[in-house]
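Asker: Input: one structure, supplied below.
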């Protein structure tokens, strides 16, 4: 069976050629997955509806984004210009994670080629995140009774503070974030389980810690997992402060995915962050998520 992967050409947005965010990675990743025969086709999402967005965001914030009326401080916090292509990208990428979540219920595994906008909160965006796609998809599954107890496992180098805040009083969602202690955001939220990593941690210690906390999570009774597979833990990442290798990232993805797949718990994988100094390497690192899933189906 082929791994269901969600992609849309609108994942690219016009943010300016000199922008720090590597917006071209989404299209290049899709090409890489086809070229390397990891997938043959993509599932194409629709833009996320207001009704679905409202599961995790305020009506006012949704209107401010769609009408491009968000105040200057709100736009600055996000870090993208509030232009039509950014709005469209945010809607389609969120719709993509909702679609990938539904596909993973039917197939055991599915991935988006975007997603993991984990800094966006109920009433605002931040850190290159407009809408919190994982939070929206999580609430969608719960509301439709497609899942009863959801784990969000966030291994981006930055804490998943948006998910921690949105679900802080929700006993049906467990937020786990393993991230750089000294990195963004300066003021951390409180997840159900936070693991703060010291600077320059390498493969051996990283994987050892991951296995310890996965074994703890295995004692819980989850029936769905969202996996935010940020690759900004890499030693050559511009915004990370860790020293994990290519093989360390591949091992991490394989360990996480196999852990839940072997227990018949559906898992939906999303990209998370990645700002590698080598753009081609960045695309390859992101593809490890899809490769690790594909080899199990």
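In the working numbering, the protein residues as written are 3 to 299. We put the beta carbon where it would ideally sit given N, CA and C, even for glycine.
#1: Could you check whether the segment 37 to 49 touches the segment 4 to 14, counting it as contact only if at least three pairs of C-beta atoms, one from each stretch, sit closer than 8 angstroms?
#2: Looking at the strands, I want to know which residues DSSP matches up with residue 176.
#3: Is DSSP giving residue 269 helix, strand or coil here?
#4: Quick check on this structure: which residue in 225, 215, 196, 237 has the alpha carbon closest to the alpha carbon of residue 202?
#5: Taking the C-alpha atoms as reference points, what is the distance between residue 199 and residue 182?
#6: Once you ignore the five residues that flank residue 269 on each side, which residues in its own chain have a CB closer than 7 angstroms to its CB?
#7: Just reading off the alpha helix (DSSP H) that residue 295 is part of, what are its end residues?
#8: Excluding the five sequence neighbours on either side, which residues of its own chain have a C-beta within less than 8 angstroms of the C-beta of residue 147, listed in chain order?
#9: Could you tell me which residues DSSP pairs with residue 239 in its beta bridges?
#10: Using DSSP's beta-bridge definition, name the partner residues of residue 114.
#11: For residue 265, which residues of its own chain have a beta-carbon under 6 angstroms away from its beta-carbon, when the five flanking residues on both sides are left out?
#12: Taking the C-alpha atoms as reference points, what is the distance between residue 191 and residue 184?
#13: Whole angstroms are fine: how far does the CA of residue 63 sit from the CA of residue 78?
#14: How close, in whole Å, do the beta carbons of residue 273 and residue 116 come, if the pair is a contact with beta carbons under 8 angstroms?
#15: Provide the residue(s) that pair with residue 126 in DSSP beta bridges, ordered along the chain.
#16: Exposed or buried, what is residue 206 when buried is set at 16 or more other beta-carbons lying within 10 Å of its beta-carbon?
Answerer: Working from what's here:
#1: yes
#2: Looking up residue 176 in the chain shown gives position 174. Residue 176 is bridged to 153.
#3: Stepping through the chain shown from its first residue, residue 269 is reached at position 267. Residue 269: strand per DSSP, three-state reduction.
#4: Numbered from 1 along the chain shown, position 200 holds the residue referred to as residue 202. Cα-wise, what sits closest to residue 202 is 237.
#5: Taking the chain shown and counting its residues from 1, the one referred to as residue 199 is at position 197. Taking the chain shown and counting its residues from 1, the one referred to as residue 182 is at position 180. For residue 199 and residue 182, the distance between alpha carbons rounds to 5 angstroms.
#6: To locate residue 269, count along the chain shown from 1; it is residue 267. These residues qualify, in order along the chain: 106, 111, 227, 229, 259, 262, 263.
#7: Position 293 of the chain shown, counted from the start, is the residue given in the question as residue 295. Start and end: 281 to 296.
#8: To locate residue 147, count along the chain shown from 1; it is residue 145. There are no such residues.
#9: Taking the chain shown and counting its residues from 1, one reaches residue 239 at position 237. Bridge partners of residue 239: 278.
#10: Mapped onto the chain shown, residue 114 falls at position 112. Looking at the DSSP assignment, residue 114 forms a beta bridge with 8.
#11: Residue 265 sits at position 263 when you count from the first residue of the chain shown. Cβ within range, chain order: n/a, list empty.
#12: Position 189 of the chain shown, counted from the first residue, corresponds to residue 191. Position 182 of the chain shown, counted from the first residue, corresponds to residue 184. Their backbone Cα atoms lie some 14 angstroms apart in a straight line.
#13: What you label residue 78 is simply residue 76 of the chain shown in a count that begins at 1. What you label residue 63 is simply residue 61 of the chain shown in a count that begins at 1. Cα to Cα, the separation comes out at about 15 angstroms.
#14: Position 271 of the chain shown, counting from 1, holds the residue named residue 273. Position 114 of the chain shown, counting from 1, holds the residue named residue 116. At roughly 6 angstroms, the Cβ-Cβ gap stays under 8 angstroms, so residue 273 and residue 116 are in contact.
#15: Position 124 of the chain shown, counting from 1, holds the residue named residue 126. Its beta-bridge partners are 123.
#16: Position 204 of the chain shown holds residue 206. Per the 10 Å Cβ criterion, exposed.
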